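Oh and the sequence shown: position 197 is 213 in the working numbering, straight run, nothing missing.
For each residue, glycine too, the CB sits at the ideal point set by N, CA and C.
Keep in mind the model is a prediction, meaning the values are calculated, not measured.
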Amino acid sequence: MSLHEKVKDDVPEQKAIIVEFKPGDPENPRNWPEWRKWCIVAAITLVDLSVSWGASGFSPATTKFEKSFNVSAEVDVLGLSLYVLGLAMGPMTLAPLSEYFGRTLLYVVPYGIFLLFLLGTALVTNLGGFLVLRILSGMFASVTIANFGGTIADMWPRHEVGPPMSVFLWAAVCGSPSGYFLMSFVAQTRGWRDVFWALLGICGGSWVILTTVLVPFKNETRHGTLLRRRAARLRRERPSERDIINVPDSMKAKSVSELFRTTLTRPFRFLATEAIIICCALYNGYLYGLSFLFNGAFSLVFGPKGYGFSTIGVGLTFLGLIIGVCIGPVVNIWQERYYQRRIRQDLGQSVDTAVEACKEEDVFKNIPEARVQLGKVAAVTLPISLWWFAWTTPPDALAGIGLVRNLAGGTFPLFGNQMFENEGYNWAGTILACLAMLLIPIPFVLEKYGTGLRARSPWARDHMD
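Laid out in structure tokens, this is it:
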């Protein structure tokens, strides 16, 4: 057992034993072999994808759902929107429990409950029950993706999180178009319930893989949980010193009231006071909303009322989005090299020695502005691609489409179809392109003024290197 002991000056009677990770500690997730870390990332990425499939996978089957329950298109869109709204609620209500139980339990148990709700969705016989099950499914599914970023931070110091975070973000963005694509093959010839049976099989397989990777091999990554367990073990072994054995204050579990007070208020406080958070929330929320709005828009543009494609044909149109998203992690290799070069310039010529010596302490100066280079390119190309989409669709195809990101993803589909039907494909796409143009300055502003904005932020100052 590896133990790092410190003497606290304010405890004169006895030496306080503070349980910490010492350099090279094999129990510190940052010292695990790379293959072990990436096995965990792979297992969680499957879950991340399947959570998004739970949302978009329903979209190809909405026409058959309408006929089954005799409801309008506006009602069946709720099946998607409520699920995504559940994704927004879960991180604030359930994800904080990882503070007490660790990340492994919060991956395995809520996702298992999500599977039960998915089973209920496949069997439900009334509309009210279906909608309730959809929002509950989203809430419990969201707990897994809400912990993904924390898991990566547990295993890598901040200057090395670029590659695993790009995989996480790839899964988050690719999930919506790939879910529609996959489930279109089921929805073409089968009923809407069969789509949920297929989702249950896929998500169940992902849960088995996740549980196999995390539980038998004790792949808990949360530092506070690991240190508290080590302290408890030490107290059992040394009962005479149990009262002076503890973990650092930063690793102690908060009270339930303090924990939920923080998690329920901090997102709204940040959205009201932190300029960087506001900019990122607007940008990411719009992109996430677009990804789900296209579920309905593509059905209109390429489906029976547009180009006349079948359900599978519409699903195949999402391959363009999927390919584009898959290019992202590849080009991010250049972005990561640029970021590392900026770190080297900041630390000087002895960077390699400094990196090894300080790896576990994570004491490097953070330069988040160096990560927005590709974001600037994307900010310009996004509205161009939306203009292209808007004015290459047939104008007469119709006679007559974790908190801000998910809220946008849940609300955009509610008005997307109506916008494309009422405004026409060309002008609806134009509106989306114009909104995207308004967001172009965001990455440029963050690069130029990000350091100053962080310096004026009390929270950011406390977390700057």
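Less than 9 Å divides the Cβ of residue 70 from the Cβ of residue 134. Close CB contacts of residue 195 within its chain, under the 6 Å cut and outside five residues either way in sequence, are with 68, 69, 72 and 73 (chain order).
Between residue 106 and residue 156, the gap from beta carbon to beta carbon is short of 9 Å. If you ignore the 5 residues before and after residue 240, its C-beta comes within less than 6 Å of the C-beta of 267, all in its own chain and listed in chain order.
In the DSSP assignment, residue 392 falls within the unbroken alpha helix (DSSP H) covering 389-407.
By the Cβ criterion, the segment 122-129 is not in contact with the segment 88-100, since fewer than three pairs of Cβ atoms, one from each stretch, lie closer than 8 Å. Of 85, 138 and 270, the smallest CA-CA separation from residue 116 is found for 270. Taken in chain order, the unbroken stretches of alpha helix (DSSP H) that lie wholly in the segment 189-231 and span 4 residues or more are 208-230.
Within the segment 59-118, the runs of alpha helix (DSSP H) at least 4 residues long that lie entirely inside it are, in chain order, 78-85 and 89-109. For residue 189, the closest of 328, 35, 238 and 306 by C-alpha to C-alpha distance is 306. With distances taken between CA atoms, residue 354 lies nearest to 386 out of 44, 386, 258 and 277. In the structure shown, residue 352 adopts helical secondary structure according to DSSP, grouped into three states.
For residue 343, the three-state secondary structure derived from DSSP is helix. As DSSP reads the structure, residue 261 sits in a beta bridge with 33. Annotation for residue 284: the continuous alpha helix (DSSP H) segment containing it runs 272-289. The residues 170, 171 and 237, in chain order, have a CB closer than 6 Å to that of residue 45 in the same chain once the five nearest residues on each side in sequence are set aside. In this structure, the beta-carbon distance from residue 462 to residue 469 falls below 9 Å. Contact fails between the segment 83-91 and the segment 333-349, because fewer than three Cβ pairs, one in each stretch, are under 8 Å apart. Taking a 10 Å sphere around the C-beta of residue 290, we find 16 or more other C-beta atoms and assign the residue as buried.
With respect to the C-alpha of residue 226, the residue from 211, 202, 119 and 261 having the closest C-alpha is 119. Across the structure, residue 93 and residue 60 are spaced so that their CA atoms are roughly 28 Å apart. Excluding residues up to 5 positions away in sequence, 202 lie with their Cβ nearer than 6 Å to the Cβ of residue 214 in the same chain.
With respect to residue 362, residue 383 sits close: the two C-beta atoms are nearer than 9 Å.
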